[in-house]
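Colleague:
Residue numbers (UniProt numbering): 1 to 203.
1) Assess, as a yes-or-no matter, whether the segment 132 to 148 is touched by the segment 39 to 46 under the definition of 3 or more beta carbon pairs within less than 8 Å.
2) Would residue 84 pass as a contact of residue 164 if the rule is Cβ separation under 9 Å?
3) From what residue to what residue does the alpha helix (DSSP H) around residue 37 run?
4) For residue 6, which beta-bridge partners are listed by DSSP?
5) Counting C-beta neighbours from all protein chains within 10 Å, is the total for residue 92 16 or more, i.e. buried, or is it exposed?
6) Return the CA-CA distance between residue 138 and residue 28, expressed in angstroms with no decimal places.
7) Rounded to whole angstroms, what's the CA-CA distance from residue 204 to residue 79? Just pull it up for me.
8) Could you work out which residue in 101, 152, 81, 103 is closest to residue 109 when comparing CA atoms only?
9) In its own chain, which residues sit with a C-beta less than 7 Å from the C-beta of residue 11, not counting the 5 before and 5 after it?
10) Assuming residue 65 and residue 182 make a contact with CB atoms under 8 Å, what is their CB distance in whole Å?
11) Between the Cα of residue 19 and the Cα atoms of 31, 6, 30, which residue gives the shortest distance?
12) Kindly confirm or deny that the segment 171 to 180 and the segment 56 to 64 touch, where touching means at least three C-beta pairs closer than 8 Å.
13) Hey, could you find the ends of the beta strand (DSSP E) residue 184 is sitting in?
14) Use the C-beta contact count for residue 171: other C-beta atoms within 10 angstroms, 16 or more gives buried, fewer gives exposed.
15) Kindly indicate which three-state DSSP category residue 50 falls into: helix, strand or coil?
16) For the alpha helix (DSSP H) holding residue 153, just list the boundary residues, first then last.
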């Protein structure tokens with residue numbers, strides 16, 4: 001199990017134990033996803049799970065994108081285009097994204113051109129693609145589901161067979177005279193333990 005000593009706002013502090021319990025459930029859920037991937041790649045049982053020797057390297061984030069008091073003048077980009085990693089010095093393998101049921105949509109996934117999709121190997125940053133040449137696909141909020149994103153570590157370990165997609169958060173335009181709702185989401189970044197040496201499974 002994991003604990004946190006992070007200072008929390010009073011409105012959140014009273015739910016600290018609920019958050020810790022949820023964090024632990026996210027860890028177990030992420031391990032089940034990684035176990036399925038081990039099986040899919042015909043690897044030893046629990047191959048990816050064994051790269052997670054403790055839960056402390058993972059991170060749970062509570063995100064709130066506030067609404068505006070007036071319609072946005074242009075593209076209402078709330079998070080710029082990126083690939084998933086837990087932090088600048090921590091690369092995640094998968095991300096579990098929980099979105100508010102009936103909440104504000106905004107997640108978009110970048111679909112590269114056919115030529116870009118044929119490229120093989122690990123691609124580190126969004127600069128690997130010309131973001132003007134592809135298409136941004138809006139990902140709807142599907143009730144009672146968890147969205148799973150591939151992170152940079154899994155991309156590297158599978159030599160690009162599992163692609164870490166470029167994505168962003170942008171609020172869609174609203175009808176004239178209306179504004180977007182606030183958006184709430186909870187990403188859980190599953191990250192291998194710090195001492196693990198990341199090597200491709202196919203070399």
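Glycine included, each C-beta is placed from N, C-alpha and C at the ideal position. All values reported here derive from a predicted model rather than from experimental measurement.
Modeller: Reading off the structure:
1) Judged by Cβ distances under 8 Å, the segment 39 to 46 makes no contact with the segment 132 to 148, as fewer than three pairs qualify.
2) Going by C-beta atoms, residue 84 is nearer than 9 Å to residue 164.
3) For residue 37, the enclosing alpha helix (DSSP H) starts and ends at 16 to 40.
4) Paired residues: none, contrary to the question.
5) Label assigned to residue 92: buried.
6) One C-alpha to the other measures close to 28 Å.
7) Past the edges of the chain, shown from 1 to 203, lies residue 204, and the structure says nothing about it.
8) Nearest C-alpha to residue 109: 81.
9) There are no such residues.
10) Separation of the CB atoms of residue 65 and residue 182 is rounded to 6 Å, and the pair is thereby assigned contact status at 8 Å.
11) Per the Cα distances, 6.
12) Under the three-pair Cβ rule at 8 Å, the segment 171 to 180 does not count as touching the segment 56 to 64.
13) Residue 184: member of the beta strand (DSSP E) spanning 183 to 190, first to last residue.
14) Around the beta carbon of residue 171, a 10 Å sphere encloses 16 or more other beta carbons of the protein chains shown; the residue is thus reported as buried.
15) It is helical.
16) First-last of the alpha helix (DSSP H) with residue 153: 152 to 157.
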